[in-house]
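First the structure, in the form of structure tokens, and then the observations on it.
Numbering (our numbering), first residue to last: 1345 to 1510.
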């Protein structure tokens, strides 16, 4: 398998971090999620764009629920050379965000574990090389452990036949 250099920078960032507050009480602007994303008002100068698998309505809602954290995340991504950052965890000053930089060989997708979070968002950003991700079918996926409140994580077993690999 090809050695991949990649930064989970946004997961990085949000490997812990965006404490999502879905109950912000703020009114959602009337602009459609597609137009909002295309306008790049959220990007803070970041040239990247969301992957086609991204739920744009959910992205917009999460951004609007916690705009300062998202702005800090995108500002940080736009202002750093992500290919030169050392492996490890890097807090983003003035926020609760943490960038987690990884450079490793990956197991085949079918051998990897899956996870989700209830309090934080993992924003995945591949800075160099390639990476594939799995979008699980929630109907057929089953938790294989108890949710860890301390780590904010739960892992799943999934059916590769019902999983979209991107």
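Every residue, glycine too, gets a C-beta built ideally from N, C-alpha and C.
query, result
"Compute the beta-carbon to beta-carbon distance between residue 1441 and residue 1417, rounded to the nearest angstrom, for a pair I have assumed lies under 8 Å.", "6 Å"
"If you draw a straight line from the alpha carbon of residue 1503 to that of residue 1456, how long is it in whole angstroms?", "12 Å"
"Bridge partners for residue 1480 per DSSP, in chain order?", "None, per the DSSP bridge assignment."
"Could you give the residue range of the beta strand (DSSP E) that holds residue 1443?", "1442-1448"
"Are the CB atoms of residue 1444 and residue 1498 nearer to each other than 8 Å?", "no"
"With three or more C-beta pairs closer than 8 Å as the rule, is the region 1405-1421 touching the region 1381-1390?", "yes"
"Using a Cβ-Cβ cutoff of less than 6 Å, which residues in the same chain neighbour residue 1377 once the five nearest sequence positions on both sides are dropped?", "1400, 1401 and 1404"
"Is DSSP giving residue 1511 helix, strand or coil here?", "Residue coverage of the chain in this structure runs from 1345 to 1510, which leaves residue 1511 outside it and unanswerable."
"Would DSSP call residue 1467 helix, strand or coil?", "strand"
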